[in-house]
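For the sequence shown, the working numbering begins at 7 and goes up steadily by one. For each residue, glycine too, the CB sits at the ideal point set by N, CA and C.
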Amino acid sequence: MCFKLGWKGPRSGVRTRFDVLPLVLSANGHDPDYFDIPPELVLEVPLKHPT
């Protein structure tokens with residue numbers, strides 16, 4: 007859906023399974039629109055599978 011709305015993907019240009027997707031909002035019958043989440047508001051933590 008994000009790409010159908012015109013989202014170009016991550017700023018780095020490299021897509022992964024862990025991309026932070028934009029916020030998509032629609033209200034009162036209006037078409038949905040997307041809003042990028044500023045990087046300073048995104049908390050990313052390293053994850054490691056315990057194998």
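Determine whether the beta carbon atoms of residue i and residue j lie at a separation below 9 Å.
| i | j | result |
| --- | --- | --- |
| Leu-31 | Asp-42 | no |
| Arg-21 | Gly-15 | yes |
Considering only residues of the same chain and omitting the five flanking positions on each side of residue i, which have a CB-CB separation below 7 Å?
| i | result |
| --- | --- |
| Leu-27 | Cys-8 |
| Arg-6 | Residue 6 is absent from the structure shown; the chain starts at 7 and stops at 57. |
| Thr-48 | Correcting the residue identity first, residue 48 is Val in this sequence and not Thr. Only Val-26 meet the Cβ criterion. |
What separation, rounded to the nearest whole angstrom, lies between the Cα atoms of residue i and residue j?
| i | j | result |
| --- | --- | --- |
| Pro-56 | Leu-11 | 38 Å |
| Asp-25 | Glu-46 | 15 Å |
| Asp-5 | Pro-44 | Nothing can be reported for residue 5: it is not among the residues displayed for the chain, which extend from 7 to 57. |
Per DSSP, which one or two residues make a beta bridge with residue i?
| i | result |
| --- | --- |
| Asp-25 | Per DSSP, none; premise fails for Asp-25. |
| Asp-37 | Its beta-bridge partners do not exist; DSSP assigns none. |
| Val-51 | Note: Val-51 sits in no beta bridge, so no partner. |
Looking only at its chain, what residues have a beta carbon closer than 6 Å to the beta carbon of residue i, apart from the 5 residues adjacent to it on each side?
| i | result |
| --- | --- |
| Trp-13 | Pro-28, Tyr-40 |
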